[in-house]
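Worksheet for the structure shown next.
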Amino acid sequence: MNNLNGILLVVASMAAFTLEDMFIKQLSADLPVGQILILLGIGSGSVFAALAWSKGYSLLARAAWKPAAILRTMAEAVGAMLFATALARVDISTVAAVFQALPLVITMAAAVFLKEQVGWRRWSAIIVGFIGVLLIIRPGLQGFEPASVLVLLSVFAIAARDLLTRFVDTSVSSTVVSFQGFAALIVAGLLLLVLTPGEITTVNSPQALMIFGGIVFGVMGYYGIVVAMRVGDASAVTPFRYSRLLFSILAGMVVFGERPDVLTMTGASLIIGSGLYTFLRERRLAQGARVAAA
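UniProt numbering applies: residue 1 is where the sequence shown begins, and numbers increase by one.
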């Protein structure tokens, strides 16, 4: 029952993240992306700041601002700038499909920078996954959208964030780390306003509702993932993260009139297939190590 609850929470979280992406994309038609990030960062950051204070955690604790935590926050800001900018310019289904390469990039980065053992099978899966990315982005071919490269760059930034999380002091509460992540959106938004054209625009009532929806669903998605990983086994719930792609395709078709082509769907299938294989392979190796240790 715990695994079932965890799976349902992951699926609900992926739906919530998709709704957040949908609101960001809709808002970007009329508001600068930097302004959107600032508003989302203030709203969501305030929620996690309140949660931290209610539990007695200090946002200014020295352990929370060591180099690893600062670098993690910087990676979060870079990832947010790239992802939100791509979301404003590229189909939401394309953004979601490329973003599914994140587990593969984390595995690759762990092997290169953390010297974790990755065998030829997982390296092969990583290569297949990146072939899938190339099929979606299709550089040099007809239909190539340069902004789609920003999604891949955001994947590398978020992978760096996730790897740096391992080095954050374990005494730092998840609510404080979450606050830092959303506060990074404010920094990212300010940088975008400086670096890209567009002036701050007055927010009307429909836009305010979408911003509120982005904050609510963003917080719900994050909270759902945290709870899911605590109540269910990672091996059972993690594969259901890929449901985000399905939700994004549906949102793209229904809300934005998108129609993913054959190359996009083929590339997405390669990414998801290689990601699932990599996950299952890591799970099997971990089980084998436990048996050997016993």
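Note that beta-carbon positions come from the ideal geometry of N, C-alpha and C, so glycine has one too.
Ordered along the chain, which non-local residues of its own chain (more than five positions away) have a Cβ less than 6 Å from that of R138? Taking R138 as the centre and dropping the five residues before and after it, the same chain places the C-beta of F144 closer than 6 Å to its C-beta, in chain order.
If you run the structure through DSSP and keep just helix, strand and coil, what is L60? Three-state result, L60: coil.
Run of the alpha helix (DSSP H) containing S248, from where it starts to where it stops: Counting along the chain, the alpha helix (DSSP H) containing S248 begins and ends at 243 to 255.
Apply the 10 Å Cβ neighbour rule to R62 and answer buried if 16 or more other Cβ atoms are within range, or exposed otherwise. Per the 10 Å Cβ criterion, exposed.
Tell me whether the beta-carbon of I271 lies closer than 7 Å to the beta-carbon of A101. A contact, by the Cβ cut-off of 7 Å.
Distance CB(F182)-CB(G41) smaller than 7 Å: Yes, Cβ-Cβ distance for F182 and G41 is below 7 Å.
For A268 and G132, believed in contact at Cβ under 8 Å, the rounded distance: Indeed, because the Cβ distance is near 7 Å, the residues count as touching under 8 Å.
For the alpha helix (DSSP H) that G41 lies in, which residues bound it at each end? Counting along the chain, G41 sits inside the alpha helix (DSSP H) bounded by residues 33 to 54.
CB-CB under 7 Å to E116, same chain, minus the five flanking residues each way: which ones, in chain order? Cβ within range, chain order: A110.
According to the neighbour-count rule (16 or more other Cβ atoms, all chains shown, within 10 Å of its Cβ), is S205 buried or exposed? It is exposed - the Cβ of S205 has fewer than 16 other Cβ atoms within 10 Å.
Could you check if S58 is buried or exposed, using at least 16 other CB atoms within 10 Å of its CB as the buried criterion? Exposed, since its Cβ has fewer than 16 Cβ neighbours within 10 Å.
Could you give the DSSP three-state label for S173: helix, strand or coil? In the three-state reduction of the DSSP assignment, S173 falls in the coil class.
Please name the residue, chosen from L8, E20, A228, that lies closest to A251 on a Cα-to-Cα basis. Of L8, E20, A228, the residue nearest in Cα terms is E20.
Are the segment 168 to 182 and the segment 63 to 75 touching by the rule of at least three beta carbon pairs closer than 8 Å? Segments in contact, yes.
Give the range of the alpha helix (DSSP H) segment to which F130 is assigned. Taken as a continuous stretch (DSSP letters only), the alpha helix (DSSP H) holding F130 covers 120 to 137.
Between the Cα of A29 and the Cα atoms of A236, G198, M253, which residue gives the shortest distance? Check the Cα spacing between A29 and each of A236, G198, M253: the tightest is with G198.
Residue nearest to F256 in terms of C-alpha spacing, selected from T175, V105, A88: With distances taken between CA atoms, F256 lies nearest to A88 out of T175, V105, A88.
Are at least three pairs of beta-carbons, each pair with one atom in the segment 6 to 18 and one in the segment 185 to 200, less than 8 Å apart? Cβ pair count under 8 Å is below three, so no.
In angstroms, rounded to a whole number, what distance separates the CA positions of I127 and G6? Whole-angstrom Cα-Cα distance: 30 Å.
Pick from I215, D169, I225, L51 that is closest to L37, judged by C-alpha positions: Answer by Cα proximity: I215.
Taking DSSP as the reference, what is the three-state secondary structure of K25? Secondary structure of K25 (DSSP, three-state): helix.
Run the proximity test for E20: is its beta-carbon closer than 6 Å to any non-hydrogen atom belonging to the ligand GTP? The ligand GTP is not part of this structure, which contains no ligands at all.
Other residues of its chain near S274: CB distance less than 6 Å, five sequence neighbours each side excluded: Result list for S274: A125, V128, G129, in chain order.
First and last residue of the alpha helix (DSSP H) that includes P67? Per DSSP, P67 belongs to the alpha helix (DSSP H) from 67 to 89.
Taking the alpha carbon of T202 as the reference point, which residue from L39, I186, R281, G232 has its own alpha carbon closest? Nearest C-alpha to T202: L39.
Going by beta carbon distance, what residues of the same chain come within less than 7 Å of R122, once the five residues before and after it are set aside? Answer for R122: T107, T278, R281, listed in chain order.
Please report how far the alpha carbon of L152 lies from the alpha carbon of A188, in whole angstroms. Taking the straight line joining both Cα atoms gives about 18 Å.
Distance, Cα to Cα, L246 vs A97? Rounded to the nearest angstrom, the two C-alpha atoms are 9 Å apart.
Could you tell me which of L285, Y242, D233, M253 sits nearest to N2, measuring between CA atoms? Ranking L285, Y242, D233, M253 by Cα distance to N2 puts D233 first.
In whole angstroms, what is the alpha-carbon distance linking T18 and Y223? Rounded to whole angstroms, T18 to Y223 spans 15 Å at the Cα level.
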